[in-house]
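Novice: Once you've had a glance at the structure underneath, I'll fire off some questions.
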Amino acid sequence: MKIINQKGEILEIKKDSHEAFEVLNHSTSHLLAQAVSILYPDAKFGFGPAIEEGFYYDIDFKEPISDADLINIEKKMLEIAKTNEKIIREEVNKKQALKIFKDNPYKIELINEIEGMITIFRQGDFIDLCAGPHLLSTELIRHFKLLSIAGAYWRGDSKNKMLTRIYGTSYFNRQDLDDYLNILEERKRNDHRLLGKQLNLFMISEFGPGFPFWLNNGMIIKNSLVDFWHEQHRKYDYQFIETPIILSRELWETSGHWDHYRDNMYTLKIDGKDFAVKPMNCPGSILVYKNEMHSYRDLPIRMAELGKVHRHEASGALNGLFRVRTFTQDDAHIYCRRDQLLSEINTLLKFFDDMYKVFELPYHIELSTRPEKDYIGDIEIWNESEEILKQALISSGKEYKINPGDGAFYGPKLDFKLKDSMGRIWQCGTIQLDMNLPHRFEMSYIDENGEKVEPIMLHRACLGSLERFIGILIEHYGGAFPAWLAPIQVDILPVNNNYHLDYCKQLTKKLKNLGFRVNLDDSNEKLSYRLRNSQVKKIPLTIVIGDNEVKENQVTFRRYSFKESHTVSVDEFVQILTEDIKNKKHYKNK
RNA sequence: GCCGACUUAGCACAAUUGGCAGUGCAACUGAUUUGUAAUCAGUAGGUUGUAGGUUCAAGUCCUAUAGUCGGCACCA
Numbered sequence: 119m120k121i122i123n124q125k126g127e128i129l130e131i132k133k134d135s136h137e138a139f140e141v142l143n144h145s146t147s148h149l150l151a152q153a154v155s156i157l158y159p160d161a162k163f164g165f166g167p168a169i170e171e172g173f174y175y176d177i178d179f180k181e182p183i184s185d186a187d188l189i190n191i192e193k194k195m196l197e198i199a200k201t202n203e204k205i206i207r208e209e210v211n212k213k214q215a216l217k218i219f220k221d222n223p224y225k226i227e228l229i230n231e232i233e234g235m236i237t238i239f240r241q242g243d244f245i246d247l248c249a250g251p252h253l254l255s256t257e258l259i260r261h262f263k264l265l266s267i268a269g270a271y272w273r274g275d276s277k278n279k280m281l282t283r284i285y286g287t288s289y290f291n292r293q294d295l296d297d298y299l300n301i302l303e304e305r306k307r308n309d310h311r312l313l314g315k316q317l318n319l320f321m322i323s324e325f326g327p328g329f330p331f332w333l334n335n336g337m338i339i340k341n342s343l344v345d346f347w348h349e350q351h352r353k354y355d356y357q358f359i360e361t362p363i364i365l366s367r368e369l370w371e372t373s374g375h376w377d378h379y380r381d382n383m384y385t386l387k388i389d390g391k392d393f394a395v396k397p398m399n400c401p402g403s404i405l406v407y408k409n410e411m412h413s414y415r416d417l418p419i420r421m422a423e424l425g426k427v428h429r430h431e432a433s434g435a436l437n438g439l440f441r442v443r444t445f446t447q448d449d450a451h452i453y454c455r456r457d458q459l460l461s462e463i464n465t466l467l468k469f470f471d472d473m474y475k476v477f478e479l480p481y482h483i484e485l486s487t488r489p490e491k492d493y494i495g496d497i498e499i500w501n502e503s504e505e506i507l508k509q510a511l512i513s514s515g516k517e518y519k520i521n522p523g524d525g526a527f528y529g530p531k532l533d534f535k536l537k538d539s540m541g542r543i544w545q546c547g548t549i550q551l552d553m554n555l556p557h558r559f560e561m562s563y564i565d566e567n568g569e570k571v572e573p574i575m576l577h578r579a580c581l582g583s584l585e586r587f588i589g590i591l592i593e594h595y596g597g598a599f600p601a602w603l604a605p606i607q608v609d610i611l612p613v614n615n616n617y618h619l620d621y622c623k624q625l626t627k628k629l630k631n632l633g634f635r636v637n638l639d640d641s642n643e644k645l646s647y648r649l650r651n652s653q654v655k656k657i658p659l660t661i662v663i664g665d666n667e668v669k670e671n672q673v674t675f676r677r678y679s680f681k682e683s684h685t686v687s688v689d690e691f692v693q694i695l696t697e698d699i700k701n702k703k704h705y706k707n708k
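The numbering of the first sequence is the numbering used here, which starts it at 119 and goes up by one.
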């Protein structure tokens, strides 16, 4: 297919490339604007770019529009598209441009920032200020859908006026569009807020917006995750600590949080003194470090804490378990010597890999380096640290990319971006080198010469927030948890309550005594009904007991989402279950 | 916080221009005793988010407020 690029050249590109998708979507956003300009002559246009999964256009409407209006706009778009309007690129000077867009303050603002010639695109009577690239005509634009309306600040600045943003998506054929719409449906079905309700995992009360309540089923998942977390940390020689939720103002002033983040901290007065609920665990960890003198021989010290933190997030930011006002960080702080840094980073990369593998979450790493201006610390240490992070990445053989200048002001960092089963990316893990706090808190260890030396401090979280991570897992697994996490691992169904119930009761007792989470369904319903229930509740293993099983001391079981059943002895079943839990196996019938 | 929408039984949703608040699932009772995704019948369940207003009459219209959702801004 042919496109006009930003230089005005006509190029041939592959229709199945992401570039082609972007050009199509960008041109569809112009088509949207054209339709809107006909239906709403007063509307003024802002930006209308292509984005990862489609496009949007920011529009200043005189009167607010509603979802129902999208249907009309869509109709108009299709009508225009079918005329196969030519998309024409032109260059004009600033004066001409200002004349063309004289009624649009947004475009005028942009024009005044451009040096030299200005590119415009014309289709029919509609003209837009735009660099391109675009399709040559509206001919290829047929399979699109307007998805939603939202508010968005002009130029992404909350001091500016809020415009109306229309989101949409556009594909080259009907099938691809339908596939994408199906993925959107699947994401909706697997929404952790919905599944959390259906499976009784957690709740959020209007009496505590952003403060989730964990229900029994959710606690089983959380505790299983926490057990695994402890196991991993023991393996990697971590100490475990717990630091207070409330600490005094002076501490937060020393750490710098009081000045930087006070608006997002919950503060309180106790006996006339200011305190704050902790938004981070680091200062607490540092106090523990400073509780005693340290020799260079003691390092590295790896201190882990599942710290419950509170942050006053804006009301509009709250979102299920993904964005909450209190959450548990799987936090750890590593204090080490300069010469230990590389091996510590290497070990962390291994540690993170171990964790993510268990959940079948592929990931890539991003290295964020020193900011241009606002940074503290020695430039030599920055360079050395960045070099060490890079070396560790290279030796790990992991895929990574560099975000130049995107580091924290106090040090470079590695971010771990996980991809879930529905193709979405989540940042969970982070490793941050800190050249700020050790200094502010006057931390030290005694080196081999008896001198006081400042330790290197690493902050790291692997899962990020347990709440958020469980939210991600709920959606990633679609609520069908592997047995090691599942609230109920085994559902036992007697075929006939008169003849098989006693055997089932004994079996239930036996499995429970072995530590398995078992449910006995003795309701007077048809087997097919109970079986359906078991599947709807997404229980990993369902056992059916009838005459044959009782006679032979066997069980017949099937795994979640699989149709076929297996008949084995009770002991064999226990073995299978034990193995599946130990291996953290996830049943998924593709 | 900002823009827009939404809030009806435990859950998912109905209720025409303002005119008797309903359906399905779940729960409970009874019958049924079931071999791999929904057996039948019955019972109960509500200050329609909250507070106020308009009206003979409000789930429906108006005002305020809380919460939720889609985004934006924010995210140490």
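Just so you know, even glycine gets a beta-carbon here, dropped at the ideal spot from N, CA and C.
1. How big is the Cα-Cα spacing for S687 and E643?
2. With respect to the beta strand (DSSP E) encompassing I128, which residues constitute its N-terminal and C-terminal limits?
3. Any idea if D176 is buried or exposed, counting beta-carbon neighbours within 10 angstroms, 16 or more meaning buried?
4. Using the C-alpha atoms, what's the distance from L129 back to I122?
5. Per DSSP, which one or two residues make a beta bridge with I301?
6. Counting along the chain, where does the alpha helix (DSSP H) carrying K628 start and finish?
7. Tell whether a beta-carbon distance below 7 Å holds between M383 and P397.
8. Would you kindly check if the distance between the Cβ of E504 and the Cβ of H482 is under 7 Å?
9. Hey, how far is the Cα of S266 from the Cα of D187?
10. Does the beta-carbon distance from Q693 to P658 come in below 7 Å?
11. Would you mind giving the Cβ-Cβ distance between I359 and V395, rounded to the nearest angstrom? I have them listed as a contact below 8 Å.
12. Does N464 come out as helix, strand or coil in the three-state DSSP assignment?
13. What span of residues does the beta strand (DSSP E) with C454 cover, start to end?
14. How about S403 and H451: do their beta carbons lie closer than 7 Å?
15. Tell me which residues share the same chain as G269 and place their Cβ nearer than 6 Å to its Cβ, disregarding the 5 neighbours each side in the sequence.
16. Based on the DSSP output, what are the partners of M321 in its beta bridges?
17. Going by beta-carbon coordinates alone, are G541 and E490 separated by less than 7 Å?
18. Tell me whether the beta-carbon of N108 lies closer than 7 Å to the beta-carbon of S683.
19. Apart from the five residues on each side of it in sequence, which residues of its chain come closer than 6 Å, Cβ to Cβ, to N143?
20. Could you tell me the boundaries of the alpha helix (DSSP H) in which T696 lies?
21. Just the C-alpha distance for L439 and K306, rounded to the nearest angstrom, thanks.
22. Rounded to whole angstroms, how far is the Cβ of A161 from the Cβ of D178, which I believe are closer than 8 Å?
23. Identify whether F358 lies in helix, strand or coil by the three-state DSSP scheme.
24. Just how far apart, CA to CA, sit T146 and R635?
25. Across the segment 613-632 and the segment 335-355, are there enough close Cβ pairs to call them in contact, namely three or more that are closer than 8 Å?
26. Decide if N335 is buried, meaning its Cβ has at least 16 other Cβ atoms within 10 Å, or exposed.
27. What are the uninterrupted segments assigned as beta strand (DSSP E) that are 3 or more residues long and contained completely in the segment 505-546, given in chain order?
28. Relative to the ligand NAD, is the shortest distance from any of its heavy atoms to the C-beta of I121 smaller than 6 Å?
29. From the DSSP output, in three-state form, read off H430 for me.
30. Nearest to A526 by alpha carbon, out of I494, Q672, F534 and N409?
31. What are the boundary residues of the beta strand (DSSP E) that includes V673?
32. DSSP beta-bridge partners for L238?
33. In whole angstroms, what is the alpha-carbon distance linking V613 and N671?
34. Do G529 and Q550 come within 7 Å of each other at the CB atom, strictly closer than that value?
35. Compare the beta carbon distance of Y453 and Y407 with 7 Å and say whether it is the shorter of the two.
36. How many angstroms separate the CA atom of N651 from the CA atom of A604?
Specialist: Looking at the atomic coordinates:
1. Translated into the one-based positions of the first sequence, residue 687 becomes position 569. Translated into the one-based positions of the first sequence, residue 643 becomes position 525. In a straight line, the C-alpha of S687 is about 26 Å away from that of E643.
2. The count along the first sequence starts at 1 and reaches residue 128 at position 10. Taken as a continuous stretch (DSSP letters only), the beta strand (DSSP E) holding I128 covers I128 to E130.
3. Along the first sequence, one-based indexing puts residue 176 at 58. Buried, by the Cβ-count rule.
4. Here residue 122 refers to the residue found at position 4 when the first sequence is read from its first residue. Here residue 129 refers to the residue found at position 11 when the first sequence is read from its first residue. I122 and L129: Cα-Cα distance of roughly 6 Å.
5. Translated into positions along the first sequence, residue 301 becomes position 183. DSSP lists no partner for I301.
6. For this step, residue 628 is matched to residue 510 along the first sequence. Here the alpha helix (DSSP H) through K628 covers L619 to N631.
7. Taking the first residue of the first sequence as 1, we reach residue 383 at position 265. Taking the first residue of the first sequence as 1, we reach residue 397 at position 279. A contact, by the Cβ cut-off of 7 Å.
8. The residue you call residue 482 lines up with position 364 of the first sequence. The residue you call residue 504 lines up with position 386 of the first sequence. The answer is no: Cβ separation not under 7 Å.
9. On the first sequence, residue 266 is found 148 positions in, with the first residue counted as 1. On the first sequence, residue 187 is found 69 positions in, with the first residue counted as 1. S266 and D187: Cα-Cα distance of roughly 11 Å.
10. If you number the first sequence from 1, residue 693 lands on position 575. If you number the first sequence from 1, residue 658 lands on position 540. Contact: no.
11. Sequence index remark: in the first sequence, residue 359 carries index 241 (1-based). Sequence index remark: in the first sequence, residue 395 carries index 277 (1-based). Their Cβ separation, rounded to whole angstroms, is 18 Å, which puts I359 and V395 out of contact at 8 Å.
12. By one-based count along the first sequence, residue 464 stands at place 346. DSSP places N464 in helix when its eight states are reduced to three.
13. To locate residue 454, count along the first sequence from 1; it is residue 336. Segment T444 to C454, the beta strand (DSSP E) holding C454.
14. Start at 1 with the first residue of the first sequence, and residue 403 comes out as number 285. Start at 1 with the first residue of the first sequence, and residue 451 comes out as number 333. Yes, these two residues count as a Cβ contact at 7 Å.
15. Numbered from its first residue, the first sequence carries residue 269 at position 151. Cβ neighbours of G269 beyond the five flanking positions: M280.
16. Within the first sequence, the letter at position 203 stands for residue 321. M321 is bridged to F331.
17. Taking the first sequence and counting its residues from 1, one reaches residue 541 at position 423. Taking the first sequence and counting its residues from 1, one reaches residue 490 at position 372. No, they are not a contact pair.
18. The question about residue 108 has no answer here: the residues shown for the chain are numbered 119 through 708.
19. Stepping through the first sequence from its first residue, residue 143 is reached at position 25. So the list reads A168, G172, F173 and S288, once near-sequence residues are dropped.
20. Position 578 of the first sequence, counting from 1, holds the residue named residue 696. V688 to K700 is the extent of the alpha helix (DSSP H) around T696.
21. As a working mapping, residue 439 is identified with position 321 in the first sequence. As a working mapping, residue 306 is identified with position 188 in the first sequence. The straight-line gap from Cα to Cα measures roughly 15 Å.
22. Here the question's residue 161 lines up with position 43 in the first sequence. Here the question's residue 178 lines up with position 60 in the first sequence. Rounded, the Cβ-Cβ distance is 7 Å, consistent with contact.
23. The residue labelled residue 358 in the question sits at position 240 within the first sequence. Residue state, collapsed to three classes: strand.
24. Along the first sequence, one-based indexing puts residue 146 at 28. Along the first sequence, one-based indexing puts residue 635 at 517. In a straight line, the C-alpha of T146 is about 53 Å away from that of R635.
25. no
26. The sequence position of residue 335 within the first sequence is 217, counting from 1. Under this definition N335 is a buried residue.
27. 518-521 and 531-537
28. Because no ligand of any kind appears in the structure shown, any question about the ligand NAD cannot be addressed here.
29. The residue you call residue 430 lines up with position 312 of the first sequence. Note: H430 maps to coil in three-state DSSP.
30. To locate residue 526, count along the first sequence from 1; it is residue 408. Taking only the C-alpha atoms, the option nearest A526 is I494.
31. The sequence position of residue 673 within the first sequence is 555, counting from 1. Looking at the DSSP string, the run of the beta strand (DSSP E) that includes V673 is Q672 to R677.
32. Taking the first residue of the first sequence as position 1, residue 238 is located at position 120. With the sequence shown as reference, residue 238 is identified as Ile, and Leu is not the correct amino acid for it. Bridge partners of I238: E208 and L247.
33. For the purposes of this step, residue 613 is taken as residue 495 along the first sequence, with counting starting at 1. For the purposes of this step, residue 671 is taken as residue 553 along the first sequence, with counting starting at 1. Rounded to the nearest angstrom, the two C-alpha atoms are 15 Å apart.
34. Residue 550 sits at position 432 when you count from the first residue of the first sequence. Residue 529 sits at position 411 when you count from the first residue of the first sequence. In contact: Q550 and G529 (Cβ atoms closer than 7 Å).
35. Here the question's residue 453 lines up with position 335 in the first sequence. Here the question's residue 407 lines up with position 289 in the first sequence. Contact flag set, yes.
36. Counting from 1 along the first sequence, the entry for residue 651 is found at position 533. Counting from 1 along the first sequence, the entry for residue 604 is found at position 486. If I take the Cα positions, the gap works out to 16 Å.
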